[in-house]
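Chemist: Quick one: structure below, then a few questions.
Protein chains: 2
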Amino acid sequence: MCSQTLFVGTKDRFQGITVDSTKEPCEILAFPDILKVFFFNVGSLNKWREDKVRGVWFKVALADSGWVPHLAQNGFRYHHAQASYVMMVAWLPENEVCNIPQYASTMVGVGAIVMNDKRQILVVSEKYRLFPHWKLPGGYVEPGEEIVNAAEREVLEETSVRAKFKQMICFRHVHNFTFGCSDMYFIVALTPEPGQEVLKKCDREIDAVEWMNVEEYLNHPNVHSTNRFFVSKFLEYEASGISLTYHEDTHQILKKSYLVYSLDLGQHKKMDSPNDTISQSNKQ
Amino acid sequence: MCSQTLFVGTKDRFQGITVDSTKEPCEILAFPDILKVFFFNVGSLNKWREDKVRGVWFKVALADSGWVPHLAQNGFRYHHAQASYVMMVAWLPENEVCNIPQYASTMVGVGAIVMNDKRQILVVSEKYRLFPHWKLPGGYVEPGEEIVNAAEREVLEETSVRAKFKQMICFRHVHNFTFGCSDMYFIVALTPEPGQEVLKKCDREIDAVEWMNVEEYLNHPNVHSTNRFFVSKFLEYEASGISLTYHEDTHQILKKSYLVYSLDLGQHKKMDSPNDTISQSNKQ
Numbered sequence: 040m041c042s043q044t045l046f047v048g049t050k051d052r053f054q055g056i057t058v059d060s061t062k063e064p065c066e067i068l069a070f071p072d073i074l075k076v077f078f079f080n081v082g083s084l085n086k087w088r089e090d091k092v093r094g095v096w097f098k099v100a101l102a103d104s105g106w107v108p109h110l111a112q113n114g115f116r117y118h119h120a121q122a123s124y125v126m127m128v129a130w131l132p133e134n135e136v137c138n139i140p141q142y143a144s145t146m147v148g149v150g151a152i153v154m155n156d157k158r159q160i161l162v163v164s165e166k167y168r169l170f171p172h173w174k175l176p177g178g179y180v181e182p183g184e185e186i187v188n189a190a191e192r193e194v195l196e197e198t199s200v201r202a203k204f205k206q207m208i209c210f211r212h213v214h215n216f217t218f219g220c221s222d223m224y225f226i227v228a229l230t231p232e233p234g235q236e237v238l239k240k241c242d243r244e245i246d247a248v249e250w251m252n253v254e255e256y257l258n259h260p261n262v263h264s265t266n267r268f269f270v271s272k273f274l275e276y277e278a279s280g281i282s283l284t285y286h287e288d289t290h291q292i293l294k295k296s297y298l299v300y301s302l303d304l305g306q307h308k309k310m311d312s313p314n315d316t317i318s319q320s321n322k323q
Numbered sequence: 040m041c042s043q044t045l046f047v048g049t050k051d052r053f054q055g056i057t058v059d060s061t062k063e064p065c066e067i068l069a070f071p072d073i074l075k076v077f078f079f080n081v082g083s084l085n086k087w088r089e090d091k092v093r094g095v096w097f098k099v100a101l102a103d104s105g106w107v108p109h110l111a112q113n114g115f116r117y118h119h120a121q122a123s124y125v126m127m128v129a130w131l132p133e134n135e136v137c138n139i140p141q142y143a144s145t146m147v148g149v150g151a152i153v154m155n156d157k158r159q160i161l162v163v164s165e166k167y168r169l170f171p172h173w174k175l176p177g178g179y180v181e182p183g184e185e186i187v188n189a190a191e192r193e194v195l196e197e198t199s200v201r202a203k204f205k206q207m208i209c210f211r212h213v214h215n216f217t218f219g220c221s222d223m224y225f226i227v228a229l230t231p232e233p234g235q236e237v238l239k240k241c242d243r244e245i246d247a248v249e250w251m252n253v254e255e256y257l258n259h260p261n262v263h264s265t266n267r268f269f270v271s272k273f274l275e276y277e278a279s280g281i282s283l284t285y286h287e288d289t290h291q292i293l294k295k296s297y298l299v300y301s302l303d304l305g306q307h308k309k310m311d312s313p314n315d316t317i318s319q320s321n322k323q
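Residue numbers (the numbering used here), protein chains in the order written: chain A, 40 to 323; chain B, 40 to 323.
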């Protein structure tokens, strides 16, 4: 513990340094000295200033939270936190505006329109609700999860119905919502596997679940107007043959794969130009 | 300071309590007692347990960061942080699974396709890039900002071009990106105001900006394949007459307004059913 005289950290390509408290443990009594001054030697912060370091990051584990007040007293502010750590940052250059991006502030949720071959859709009534109403099954997309998979998972958890992605319908974007965050709520159409008439709800979250005739849903007094809009848009898309879907692609430089959601115009595509060829070649 | 014997906090509808350090100031030496035990009286935590409180939240300002180690020692973990505060939480019920949602983990960005009446699109080359390439102007959507407005703002900032929302084209969804967050990158088509041939770039971020013939862009060696896909999709939508656009709506119960993005099928709409009427009536 504390054998080092200065923090070392890990460099990044923006001339920044990140110190992880779990990788460079330090007794709390020694912490201020190592940060600022070590005996008669210069401390970590001054060394970094001399080295023209820009952003200095401290990832402080919950068990090392004694570091937090010392960092706060030395010009660090919070950047973000997760259950087990808080990330604090200080911007050292005095003649350059801090260009560190803000952390995520958008929560992503999903609602599913699951219609069977009898034109019934799957609807639920929640246990903890402000007002009773029939809503679409759904919930939050988990960190790192695809929207499509979240829709299938939530439908299975809440109603026991196995269903597969068909197409995306639309999304709602609202601000200053849960925890003051923005919220994106994607509506996705799923096709149920056949023979799932009997429903088994999730007792912890759901009060009632049923297959409801789609026309009944569109005229039901206990259905919010926005949900009616979602379902009517779904019917409109179905009738048109156009779908909002996705394909997997890979970042050319980073070699990182991702999904791109866009319109498949199907028979409505009017153009037969070189662009079609290009668009196809990108789908590799 | 510390005239109270227990923290009071604010109740929420989930049987939770939030204590804000700026509203209930407390000297650091007295903090552990008020939290746990006050002389021979029960402390705040035990009182809340007796009252069947579920989640207990402490919003700790940067100036009060001395509270953080004490909270960490008493079963609190981090939930999220912003520059000026960290939010810590403890779940008190012993026989109920903690159902507190995770904080936001998605960052939202925007890229703009701005095509003038000469079929030239606005392209930029960034100052701090991994490899040189012609990309679409754009950047992060600010907290609380609409995607549409972010696209218009970024185009103006980076290129000096004033342009208005025309339609959304598609979006890319990638995980484990900046700060380990997920990232959604929306591509939006904008129409430039006429007579903006002369471009003035943002020197801080942009190395070069120009109007490039759209066919040249689609075949340029220094254009990433995903950007080519975005632009070819844009041309496809333009030719089809179908657009992905938005309307403003209001939550029936919360009376909160938001944008809903969905397809305007225009002439391709095949259905003329009661649903169209419903869909219209929701747009009020």
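In this text, a Cβ means the ideal position worked out from N, Cα and C, and glycines have one as well.
#1: Tell me K174 (chain B)'s beta-bridge partners as DSSP assigns them.
#2: Given this structure, state the Cα-to-Cα distance separating P132 (chain B) from V47 (chain B), to the nearest angstrom.
#3: Is the separation between the beta-carbon of K98 (chain A) and that of Y117 (chain A) shorter than 9 Å?
#4: So the alpha helix (DSSP H) D72 (chain A) belongs to, where does it begin and stop?
#5: Take the Cβ of N188 (chain B) as the centre, count every other Cβ of all protein chains shown within 10 Å, and call the residue buried at 16 or more, exposed below.
#6: Per DSSP, what are the beta-bridge partners of N252 (chain A) in this structure?
#7: Check whether chain A comes within 9 Å of P108 (chain B), counting only Cβ atoms and requiring the distance to be less than that.
#8: Could you tell me whether the Cβ of V147 (chain A) comes closer than 9 Å to any Cβ of chain B?
#9: According to DSSP, is F273 (chain A) part of a helix, a strand, or is it coil?
#10: Nearest by alpha-carbon distance to S296 (chain A): which of B:S83, B:H214 and B:E63 is it?
#11: Which residues, in order along the region 259-271 of chain A, keep a beta-carbon less than 7 Å from a beta-carbon of chain B?
#12: Exposed or buried, I281 (chain A), counting other C-beta atoms within 10 Å across all chains shown (16 or more means buried)?
#13: For the pair the region 260-276 of chain B and the region 191-200 of chain A, tell me if three or more CB-CB distances fall below 8 Å.
#14: At 7 Å on the CB atoms, spell out the chain B contacts of C209 (chain A), in chain order.
#15: In three-state terms, what does DSSP make of R267 (chain A)?
#16: Between the region 84-99 of chain A and the region 45-60 of chain A, can you find at least three pairs of beta-carbon atoms closer than 8 Å?
#17: Using a 10 Å radius around the Cβ and a threshold of 16 neighbouring Cβ atoms, would you call L293 (chain B) buried or exposed?
#18: I'd like to know whether the C-beta atoms of E249 (chain B) and L161 (chain B) end up nearer to each other than 9 Å.
#19: If you measure from the beta carbon of N188 (chain A) to each beta carbon in chain B, is any gap under 9 Å?
#20: Looking at the C-beta of P182 (chain A), does it have a partner C-beta in chain B at a distance below 9 Å?
#21: When the distance is taken between beta carbons, is M146 (chain B) closer than 9 Å to T145 (chain A)?
#22: Confirm, please, whether the CB-CB distance from C209 (chain A) to F225 (chain A) is below 9 Å.
#23: Does the beta carbon of A69 (chain B) come closer than 9 Å to any beta carbon on chain A?
#24: Can a CB atom of chain B be found closer than 9 Å to the CB of G55 (chain A)?
#25: For F170 (chain B), is the classification buried or exposed, using 16 other Cβ atoms within 10 angstroms of its Cβ as the cut-off for buried?
#26: Using a Cβ cut-off of 7 Å, which residues of the region 211-240 of chain A contact any Cβ in chain B, in chain order?
#27: Less than 9 Å between CB atoms is the rule here; does K121 (chain B) satisfy it with respect to chain A?
#28: Is Y142 (chain A) closer than 9 Å to F218 (chain B) when the C-beta atoms are compared?
#29: Cβ closer than 7 Å: which chain B residues qualify as neighbours of K295 (chain A)?
#30: Measure from the C-beta of V95 (chain A) to each C-beta in chain B and report whether the shortest distance is under 9 Å.
#31: Answer with yes or no whether the minimum CB distance from D72 (chain B) to chain A is below 9 Å.
#32: Just to confirm my understanding: we take E244 (chain A), look at its own chain, exclude 5 residues before and 5 after, and list those with CB closer than 7 Å. What are they?
#33: What is the rounded straight-line gap between the Cα of T265 (chain B) and the Cα of H172 (chain B)?
#34: CB-CB under 8 Å to N321 (chain B), same chain, minus the five flanking residues each way: which ones, in chain order?
#35: Thinking C-alpha only, which one of B:R211, B:P233, B:I139 and B:A190 is nearest R52 (chain B)?
#36: Could you compute how far the alpha carbon of G234 (chain A) sits from the alpha carbon of M154 (chain A)?
Modeler: In brief:
#1: B:V163
#2: 19 Å
#3: no
#4: F70 to K75
#5: exposed
#6: A:Q159
#7: yes
#8: yes
#9: helix
#10: B:H214
#11: H263, S264, T265, R267, F268 and S271
#12: buried
#13: no
#14: V299, Y300 and S301
#15: helix
#16: yes
#17: exposed
#18: yes
#19: no
#20: yes
#21: yes
#22: yes
#23: no
#24: no
#25: exposed
#26: R211, H212, V213, H214, N215, T217, F218, C220 and S221
#27: The amino acid at residue 121 (chain B) is misidentified as Lys; the sequence shows Gln. Yes, its Cβ sits closer than 9 Å to a Cβ of chain A.
#28: yes
#29: V213
#30: no
#31: no
#32: E165, K166 and E197
#33: 12 Å
#34: Because N321 (chain B) sits at a pLDDT of 40, beneath the cut-off of 50, its placement in the model cannot be relied upon, and the point is left open.
#35: B:I139
#36: 13 Å
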